[in-house]
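S.K.:
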Amino acid sequence: MADTATPAKAKVLVVDDSSLVRLYYRSALEIAGFEVKQAINGIEAMEKVLSESFDLVIVDVNMPRMDGFTFLRLLRSGAAADVSTLPALMISTESGEQDMAEARVAGANFYLVKPVAEAELVRHVCVLAGVAL
Amino acid sequence: MPALAVALAREPIPRVREAMMTALIRIGNAASIEVLLPYLRSQEASVRAAAIEALQALPEAIAPFMSPLLNDGDSDVRLLATELARNMEASEATRLLCELIEHEHHPNVCAAAIDVLTEVGTPEALPTLERCSARFAATPFLPFAVSIAMSRISGEES
Numbered sequence: 001m002a003d004t005a006t007p008a009k010a011k012v013l014v015v016d017d018s019s020l021v022r023l024y025y026r027s028a029l030e031i032a033g034f035e036v037k038q039a040i041n042g043i044e045a046m047e048k049v050l051s052e053s054f055d056l057v058i059v060d061v062n063m064p065r066m067d068g069f070t071f072l073r074l075l076r077s078g079a080a081a082d083v084s085t086l087p088a089l090m091i092s093t094e095s096g097e098q099d100m101a102e103a104r105v106a107g108a109n110f111y112l113v114k115p116v117a118e119a120e121l122v123r124h125v126c127v128l129a130g131v132a133l
Numbered sequence: 001m002p003a004l005a006v007a008l009a010r011e012p013i014p015r016v017r018e019a020m021m022t023a024l025i026r027i028g029n030a031a032s033i034e035v036l037l038p039y040l041r042s043q044e045a046s047v048r049a050a051a052i053e054a055l056q057a058l059p060e061a062i063a064p065f066m067s068p069l070l071n072d073g074d075s076d077v078r079l080l081a082t083e084l085a086r087n088m089e090a091s092e093a094t095r096l097l098c099e100l101i102e103h104e105h106h107p108n109v110c111a112a113a114i115d116v117l118t119e120v121g122t123p124e125a126l127p128t129l130e131r132c133s134a135r136f137a138a139t140p141f142l143p144f145a146v147s148i149a150m151s152r153i154s155g156e157e158s
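Taken in sequence, the protein lines are chains A and B.
Heads up: the first sequence runs through residues 1 to 133, numbered per the numbering used here.
Heads up: the second sequence runs through residues 1 to 158, numbered per the numbering used here.
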């Protein structure tokens with residue numbers, strides 16, 4: 001993980017199969033000073049976190065090939081110790097208690113229900129990445 | 001087919017379930033669709049994803065089921081059903097998704113439909129998208145998504 005504490009240096013991985021969602025998050029976070037990389041599913045996200053350093057991952061639930069819960073369980077499994085504590089913000093259309101509980105068990109640090117406004121997104125990312133608003 | 005349906009319902013191992021779903025894709029008829037559809041309501045994200053991928057592989061067989069799915073009482077089902085239009089013929093996908101958007105009250109379902117239209121939509125979707133943007137003006141993501149979708153459909157953005 002990068003040892004940074006300012007948005008200008010903090011690096012966020014956005015994992016969502018929707019190109020529109022990725023673009024929306026990227027736009028909001030880049031304006032706030034974050035560096036943003038993207039992945040379209042859990043498999044691509046795992047490849048990215050194993051090859052690059054990130055301060056936070058934002059992950060959707062429903063994605064093809066590997067869903068967000070599976071990705072988080074794999075991330076937290078300790079199979080790759082360097083990334084097992086990477087902060088994770090899960091953002092999904094799923095608003096049921098069961099999904100939120102599963103997110104906690106899988107290892108999400110926080111869970112938001114879509115649609116998420118830019119300011120709310122940036123605020124949660126700052127808190128979880130440990131950077132000043 | 002009934003034996004495969006029963007086995008799929010009882011199968012706990014994801015890879016085996018995927019193999020069974022692949023067998024259903026190869027059969028590819030209406031009965032296959034009827035076996036796969038209930039898995040859109042699964043509590044397990046991985047099962048929902050596998051069902052979507054299987055159903056997307058059968059765009060012609062799924063067509064008669066689309067209207068009921070897009071009018072389902074469960075917004076999660078309507079949202080997932082928008083994904084099934086992605087591999088359908090563009091004009092039919094556009095018609096189905098525009099009909100949905102015109103009367104859909106849930107912003108996340110509209111967002112999912114817009115996402116698919118961004119990829120496969122035809123210019124006939126533009127008036128519906130404009131109305132959607134105005135209707136959900138207070139939900140910033142939707143006007144943003146509509147603007148991108150309209151640009152791509154109009155060919156103003158690659």
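Even for Gly, the Cβ is constructed at its ideal location relative to N, Cα and C.
Which residues of chain E have a Cβ atom closer than 8 Å to the Cβ of B/I114, listed in chain order?
M.R.: This model lacks chain E altogether; the protein chains it does include are A and B.
S.K.: For B/F144, which residues in chain A fall below 7 Å Cβ to Cβ?
M.R.: Counting from one through the second sequence, the residue named residue 144 of chain B turns up at place 144. The answer, in chain order, is Y24.
S.K.: Kindly indicate which residue of A/G130, A/P87, A/L133 has the alpha-carbon position closest to the one of A/Y111.
M.R.: Here residue 111 of chain A corresponds to residue number 111 of the first sequence, with the count starting at 1. When only C-alpha atoms are compared, the closest one is A/P87.
S.K.: Quick check on A/F69 - is its C-beta less than 8 Å from some C-beta in chain B?
M.R.: For the purposes of this step, residue 69 of chain A is taken as residue 69 along the first sequence, with counting starting at 1. By this cut-off, A/F69 is an interface position.
S.K.: Listed in chain order, which residues of the segment 82–98 of chain A have Cβ atoms closer than 8 Å to some Cβ of chain B?
M.R.: T93, E94, Q98
S.K.: Check the DSSP bridge columns for A/F110 and list the partner residues they point to.
M.R.: Indexing the first sequence from 1 puts residue 110 of chain A at position 110. According to DSSP, A/F110 bridges with A/L89.
S.K.: Hey, does B/N87 have any beta-carbon neighbour from chain A nearer than 8 Å?
M.R.: Within the second sequence, the letter at position 87 stands for residue 87 of chain B. Not an interface residue.
S.K.: Just verifying my parser: in three-state terms, what is the DSSP assignment at A/E94?
M.R.: For the purposes of this step, residue 94 of chain A is taken as the residue at position 94 of the first sequence. A/E94: coil per DSSP, three-state reduction.
S.K.: So B/R86 packs on B/V116, CB below 8 Å; how close in whole Å?
M.R.: Mapped onto the second sequence, residue 86 of chain B falls at position 86. Mapped onto the second sequence, residue 116 of chain B falls at position 116. Contact between B/R86 and B/V116 holds: CB atoms are separated by about 5 Å, below the 8 Å threshold.
S.K.: On the DSSP bridge list, what partners appear for A/I58?
M.R.: Residue mapping note: residue 58 of chain A aligns to position 58 of the first sequence, counting from 1. A/V14, A/L89.
S.K.: Assuming A/E35 is part of the beta strand (DSSP E), what are its boundary residues?
M.R.: As a working mapping, residue 35 of chain A is identified with position 35 in the first sequence. Element bounds for A/E35: 35–39.
S.K.: At a CB-CB cut-off below 9 Å, which residues of chain B make contact with A/A117?
M.R.: Residue mapping note: residue 117 of chain A aligns to position 117 of the first sequence, counting from 1. Correct list: T139, P140, F141.
S.K.: Nearest chain B C-beta to A/V61 closer than 8 Å, yes or no?
M.R.: Position 61 of the first sequence, counting from 1, holds the residue named residue 61 of chain A. Chain B contact via Cβ: present.
S.K.: Could you please tell me which residues of the segment 42–75 of chain B, in chain order, have their CB closer than 8 Å to any CB of chain A?
M.R.: Those would be Q43, A45, S46, R48, A49, I52, E53, in chain order.
S.K.: Any idea what DSSP makes of B/S147, helix, strand or coil?
M.R.: Locating residue 147 of chain B in the second sequence gives position 147, where the first residue counts as 1. Residue state, collapsed to three classes: helix.
S.K.: Contact defined as beta carbons within less than 8 Å: I believe A/G68 pairs with A/G107. What is the distance between those atoms, to the nearest angstrom?
M.R.: Position 68 of the first sequence, counting from 1, holds the residue named residue 68 of chain A. Position 107 of the first sequence, counting from 1, holds the residue named residue 107 of chain A. With a Cβ gap of about 10 Å, A/G68 and A/G107 do not count as contacting.
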